[in-house]
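Numbering (my numbering), first residue to last: 2 to 407.
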């Protein structure tokens with residue numbers, strides 16, 4: 002993968018709309034890191050010896066073994082095609098399993114290239130299998146198939162629920178990384194310029210097609226107007242264009258239907274009374290380009306306050322100065338719990354908030370800083386199970402207890 006990284010980045014950019022520089026550094030770069038990390042686990046999978054005292058006389062030894070589950074189905078989304086493949090496949094293979102991977106119907110190209118590279122790397126025939134097709138057909142059959150003993154899925158919450166129903170027929174193991182509406186709380190005692198930069202990255206990274214994107218920003222009243230002004234100033238500097246152009250900051254949305262959904266999302270925000278400060282329209286050029294968008298005066302009951310856009314739409318709400326517990330209640334008033342963030346110089350406040358936020362990941366004075374060694378996954382309707390880190394490995398293992406009398 003590292004040898005072919007430039008080719009992979011080009012394919013990924015064409016396939017997903019990610020700007021080339023991001024595809025090379027993140028989509029491909031983190032994929033390589035992920036396989037390297039889990040390769041290090043291959044000879045470190047071990048069980049435990051357990052003292053037992055119920056048997057008399059006590060001439061027994063009990064130990065556990067970690068075993069591969071068997072055939073695993075991996076179903077991935079279209080926003081990070083190769084990286085999502087790597088996050089799940091690397092752990093699956095390190096645990097000793099075989100896999101059948103279904104890429105998203107609109108982004109199969111890097112998965113197919115990965116299959117070619119895996120054969121060149123010497124993987125035995127049948128260990129890695131790529132099966133493009135629709136979710137309703139291929140994904141459904143994989144979820145139901147009795148020989149598949151584990152499904153790892155990243156995608157929408159409704160689809161995740163359907164996969165659980167299908168998998169229940171033969172009680173296969175499931176891990177789900179689903180939708181999010183991640184809150185980002187920005188206090189007046191933060192480093193404002195850093196909060197602006199990171200807040201924009203939290204929303205606009207990868208054109209907003211990012212499962213942990215900050216779906217709602219809560220900005221303390223005393224800095225709200227200045228924050229919004231600075232964000233708009235920075236948006237105006239962004240270059241929107243061809244994702245293969247190395248100078249492009251913001252590429253096209255993945256496909257036409259998604260762009261249309263985003264435009265409808267913005268129309269709904271305006272109809273409900275939110276203030277459209279910037280954007281909200283399709284860029285006037287060929288392709289599925291969406292203007293980076295900013296909404297303010299967003300009330301808690303509004304659709305755009307509750308539902309994920311999965312696009313470059315910043316949704317900003319004020320909170321009263323000093324109202325820590327009040328903003329926490331609002332941040333947690335969502336059915337999702339994938340990620341969250343807080344910007345403040347007060348470490349006590351930051352740690353207090355990190356304990357109270359109902360999310361699988363909390364960022365403090367940063368955002369989007371995932372690492373291959375750190376577990377990643379959500380709470381509530383954002384799913385269960387982990388990608389990355391040691392915990393991901395155990396998603397693809399089963400534990401057997403063995404007792405010997407001597």
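Virtual Cβ for every residue (Gly too), placed ideally from N, Cα, C.
- Is the distance from the Cβ of residue 318 to the Cβ of residue 206 below 8 Å? For the 8 Å CB-CB criterion, residue 318 and residue 206 do not form a contact.
- Task: Report the rounded CA-to-CA distance for residue 227 versus residue 12, giving the unit in angstroms.
- Result: Distance between the alpha carbons of residue 227 and residue 12 is about 40 Å.
- At 4 residues or longer, and completely inside the stretch 138 to 201: list those alpha helix (DSSP H) runs for me, N to C. 141 to 145 and 158 to 169
- Query: Apart from the five residues on each side of it in sequence, which residues of its chain come closer than 8 Å, Cβ to Cβ, to residue 243?
  - Reply: 249 and 252
- Message: Could you give the first and the last residue of the continuous beta strand (DSSP E) run that contains residue 320?
- Response: Start and end: 314 to 320.
- Task: Mind reading off the beta-carbon distance from residue 96 to residue 389? Whole number of angstroms is fine, and I expect it under 8 Å.
- Result: Their Cβ separation, rounded to whole angstroms, is 14 Å, which puts residue 96 and residue 389 out of contact at 8 Å.
- Task: Determine the direct distance from the alpha carbon of residue 371 to that of residue 25, and round the result to whole angstroms.
- Result: 16 Å
- Query: How big is the Cα-Cα spacing for residue 215 and residue 54?
  - Reply: A straight-line Cα-Cα distance of about 51 Å links residue 215 and residue 54.
- Query: Could you give the uninterrupted runs of the alpha helix (DSSP H) lying entirely in the stretch 28 to 71, keeping only those of 4 residues or more?
  - Reply: Listed in chain order, the complete alpha helix (DSSP H) runs (minimum 4 residues) inside the stretch 28 to 71 are 30 to 40.
- Start-to-end residues for the beta strand (DSSP E) that takes in residue 221: 215 to 221
- Query: Do you know offhand how far residue 229's Cα is from residue 236's?
  - Reply: 11 Å
- Query: Residues bridged to residue 279 by DSSP?
  - Reply: Looking at the DSSP assignment, residue 279 forms a beta bridge with 295.
- Range of the contiguous alpha helix (DSSP H) that encloses residue 103: Run containing residue 103: none in the alpha helix (DSSP H); it sits in the beta strand (DSSP E), 99 to 103.
- Item | Reference residue 258; option with closest CA among 150, 288 and 224 | 288
- Item | Local Cβ density within 10 Å of residue 1, reported as buried at 16 or more and exposed below that | Coverage of the chain is limited to positions 2 through 407, which leaves residue 1 absent and any answer about it impossible.
- Determine the direct distance from the alpha carbon of residue 105 to that of residue 75, and round the result to whole angstroms. 11 Å
- Item | Alpha-carbon spacing of residue 346 relative to residue 188, whole angstroms | 9 Å
- Message: Bridge partners for residue 398 per DSSP, in chain order?
- Response: 69
- Query: How would you label residue 182, buried or exposed, when you count the other beta carbons within 10 angstroms and need 16 or more for buried?
  - Reply: buried
- Item | Alpha-carbon spacing of residue 64 relative to residue 136, whole angstroms | 41 Å
- Query: Would you call the stretch 111 to 122 and the stretch 142 to 156 in contact, with 3 or more CB pairs under 8 Å?
  - Reply: The stretch 111 to 122 is not in contact with the stretch 142 to 156.
- Message: For the alpha helix (DSSP H) containing residue 116, name the first residue and the last one.
- Response: 110 to 122
- Do you know whose CA, among 366, 392 and 365, lies nearest residue 376's CA? Measuring from the Cα of residue 376, the nearest candidate turns out to be 392.
- Message: Just to confirm the assignment, what range does the alpha helix (DSSP H) spanning residue 335 have?
- Response: Here residue 335 belongs to no alpha helix (DSSP H), and DSSP marks it neither H nor E.
- Task: Identify, in the order they occur along the chain, each residue of the same chain with its Cβ nearer than 6 Å to the Cβ of residue 373, setting aside the five sequence neighbours on each side.
- Result: Closer than 6 Å at the Cβ level, and outside the excluded window around residue 373, lie 34, 35, 38 and 389.
- What's the call for residue 348, buried or exposed, on a 16-neighbour Cβ count within 10 Å? Classification for residue 348: exposed.
- Query: What are the partner residues of residue 341, as DSSP defines its beta bridges?
  - Reply: 363
- Item | Assigned exposure category for residue 405 - 16 Cβ within 10 Å defines buried | exposed
- How big is the Cα-Cα spacing for residue 364 and residue 162? 27 Å
- Opposing strand residues paired with residue 251 [DSSP bridges]: 241
- Query: Exposed or buried, residue 221, counting other C-beta atoms within 10 Å across all chains shown (16 or more means buried)?
  - Reply: buried
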